[in-house]
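Novice: Residues in the sequence shown are numbered consecutively from 26, following the working numbering. Using N, Cα and C, we set each Cβ at its ideal position, and we do this for glycine too. Quick caveat: nothing in here was measured; it's all calculated off a predicted structure. Here you go, one structure.
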Amino acid sequence: MMVQHKHFKSRVRERMQKTGESYTTGRLQLLKDLPAEPSLPGLLPGYPAGAPLVQRDAGLWQRVLAQAGVENPATGTPFTEAVLSGLAGGIGFMVFTFEYEQITTATIVTRFHPGPYVGNLLNRCGAVVEEKSTTSTNAAQDNLDAALEAGRAVVVRVTQGALPWYHSDAPEHSDSVDVVVAGKANGEYLIDDGGRQLHGATAAELAGARGKRKKDKHWQASVVDPGETTVDQLRQSVLEAVAETAGVLLGTVPPAVVPARVAKNFGLAGMQTWTARLRDTRTKKGWPAMFADEQRLRFGLERIKECLAGTVWGGPAALRPLYARFLTEAAALEGLDRLLQPAQQYAAVGERWQQLADAVDPQCPAEERTAHFAALADRMEDMQAAEEAAAKSLSG
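Following this line, the structure appears as structure tokens:
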């Protein structure tokens, strides 16, 4: 169920003035008076679970913001995943490799990174978000339960492999990720991790996943007020986001908190770096040398495939079609119709990214790796010209 009743937000504000309640409390009381719709037992009213996500963080926050009544002031409806992703910074590029005793990892990021993706999203949509963090497991559960009782979906940070439906120590599941606690039923929390269905976790299971890494221990965030963003403020946020995205891609804006010596791994410069290393047959930094071992080659190519297909650090067609949809929606705002040209360009670039992702072959024999890497480099060279043209159009 997604609450889209006309003037519902105004009714909440009117109730707040009469009763002195917070926005979330007033909204929860009014939701109870709405006609019931079929829903999962224990799921918070208004939480729109189930639809597939393109970009994980933008998609999860789209659900949280929609449940909290946050609206796009230009449409009067919840922000779309495309618009939130674009406000977050949209797209980017990063490539890194790390050599370990047994394996060599390869990571490709195609979303805006390493800037504050979620921070940008929340600042630019206008919602008022409350963050809490504690070292105490009991206090963390109290904070979580209090927000749920107030009718608010809660974003918490967990170690992915520690969640009971993963239960994995694999390196690819060792990262911290955000999930949404969207309700509680039969003694279990209902967890939305971006899939097509919600998962159940006991208090102990969830606490274990939240407390595994010290830097992320028991953090949570929830929307306490939808805010009052105007159309003009949204327009300014779009311009700010677009300028930042173009600047990082073109290298005119340095990547946030990144040493200058590794800036070559980001944006269009990062694409050039990767292309050169795919072709490099002379040095230890070249991929033919780094992935000469069969096991390292297999793991590296599988990792690249996952990065390009996954929704955490990338998404289908490197998120370029999603970004094109953001630009198209933003172009409807007054004076921003010029965004339609880069929207068309990024839609086309997305097709090339998908072709590249499809061409990556984790089963490539080690003796054929040099030719395989060269073929990928050919595709990247073609990609760079299209990416540069689109970024310059965006910047202009």
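Helix or strand or just coil, what does DSSP make of R88?
Specialist: Reduced to three states, the DSSP call for R88 is helix.
Novice: What does the alpha-carbon distance come out to for the pair P341 and G219?
Specialist: Cα-Cα distance, rounded: 15 Å.
Novice: Quick check on D203: does DSSP put it in helix, strand or coil?
Specialist: D203: strand per DSSP, three-state reduction.
Novice: Quick one, which of D167, Q185 and L85 has its alpha-carbon nearest L146's?
Specialist: For the residues D167, Q185 and L85, the minimum Cα distance to L146 belongs to L85.
Novice: Going by the CB atoms, is the gap between M405 and L333 shorter than 8 Å?
Specialist: Taking 8 Å as the Cβ cut-off, L333 and M405 do not qualify as a contacting pair.
Novice: What residue does the beta strand (DSSP E) around V385 start on, and which one ends it?
Specialist: V385 -> no beta strand (DSSP E), and no H or E assigned at all.
Novice: Are V249 and V181 closer than 8 Å when you measure CB to CB?
Specialist: No.
Novice: With burial defined as no fewer than 16 other Cβ atoms inside 10 Å of the residue's Cβ, what is the status of K240: buried or exposed?
Specialist: By the 10 Å Cβ count, K240 comes out exposed.
Novice: Check this for me: beta carbons of R136 and Q87, under 8 Å apart or not?
Specialist: No; because the gap between Cβ atoms is not below 8 Å, this pair is not in contact.
Novice: Taking C-alpha atoms, which residue in Y371, W312, A355 and E376 lies nearest to L109?
Specialist: Answer by Cα proximity: A355.
Novice: Please give me, in chain order, every unbroken run of the beta strand (DSSP E) with length at least 3 that falls completely inside the stretch 107 to 161.
Specialist: Listed in chain order, the complete beta strand (DSSP E) runs (minimum 3 residues) inside the stretch 107 to 161 are 116 to 124, 129 to 136 and 153 to 157.
Novice: State the DSSP-derived secondary structure class of Y72, mapped to helix, strand or coil.
Specialist: Three-state result, Y72: coil.
Novice: Please specify which runs of the alpha helix (DSSP H), each continuous and at least 4 residues long, are wholly inside the stretch 254 to 280, giving them in chain order.
Specialist: Fully enclosed alpha helix (DSSP H) runs of 4 or longer: 256 to 275.
Novice: May I have the straight-line CA-CA distance separating V143 from A131, to the nearest angstrom?
Specialist: Roughly 24 Å separates the two Cα atoms.
Novice: What does DSSP give as the partner residues of R182 in its beta bridges?
Specialist: For R182, which the question treats as bridged, DSSP gives the partners D203.
Novice: Can you name, in chain order, every residue of its own chain whose Cβ lies under 6 Å from the Cβ of G225, other than the five neighbours on each side?
Specialist: Result list for G225: E213, in chain order.
Novice: Would you mind listing the alpha helix (DSSP H) stretches within the stretch 294 to 361 that are 4+ residues and don't spill past its ends, in chain order?
Specialist: Listed in chain order, the complete alpha helix (DSSP H) runs (minimum 4 residues) inside the stretch 294 to 361 are 312 to 315, 319 to 334 and 345 to 355.
Novice: Excluding the five sequence neighbours on either side, which residues of its own chain have a C-beta within less than 8 Å of the C-beta of I216, listed in chain order?
Specialist: The answer, listed in chain order, is L188, V204, V205, V206, A207, L223, H224, G225, A226 and L231.
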